[in-house]
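Just so you know, we're using this note's numbering here: the sequence shown kicks off at 165 and counts up by one. Worksheet for the structure shown next.
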Amino acid sequence: MQKTYTVIEIYEADFGCEERPEGQETMVGIRLKAEDGEEIHRQEADAELYAKNINEGDKVIFIEGRIEKQC
165 MQKTYTVIEI
175 YEADFGCEER
185 PEGQETMVGI
195 RLKAEDGEEI
205 HRQEADAELY
215 AKNINEGDKV
225 IFIEGRIEKQ
235 C
């Protein structure tokens, strides 16, 4: 059975003192919380979250490592 997570926070990925490397897509950090209380942090492509209309408060699952919005 797949675990369902709630998107708690979406934030800009931190590159420290350095800028984002040339040609690298924009990444964001996401904080997720499962129904059992497990909390995870991941980095995802900002464009992918936008294309899938994934926002804070949404329910998501992972299929073969890729984030998908739960209907």
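Yeah, the Cβ is synthetic: ideal placement off N, Cα and C, and Gly gets one too.
Report task. Could you spell out where the beta strand (DSSP E) holding Ala-198 opens and where it closes? Result -> Position 34 of the sequence shown, counted from the start, is the residue given in the question as residue 198. It spans 191-198 - the beta strand (DSSP E) in which Ala-198 sits, taken as one unbroken run.
Requested in this report: Please report how far the alpha carbon of Lys-223 lies from the alpha carbon of Gly-187, in whole angstroms.
Outcome: As a working note, residue 223 is residue 59 in the sequence shown. As a working note, residue 187 is residue 23 in the sequence shown. So the alpha carbons of these two residues sit roughly 31 Å apart.
Query raised in the report: Taking C-alpha atoms, which residue in Thr-190, Ile-194, Ile-227, Asp-200 lies nearest to Val-171?
Result: To locate residue 171, count along the sequence shown from 1; it is residue 7. Nearest of Thr-190, Ile-194, Ile-227, Asp-200 to Val-171, Cα basis: Ile-194.
Query - Cβ shell of Lys-233 (< 7 Å), same chain only, five flanking positions each side left out - result: The sequence position of residue 233 within the sequence shown is 69, counting from 1. Hits under 7 Å: Lys-216, Asn-217, Ile-218, Asp-222, Val-224.
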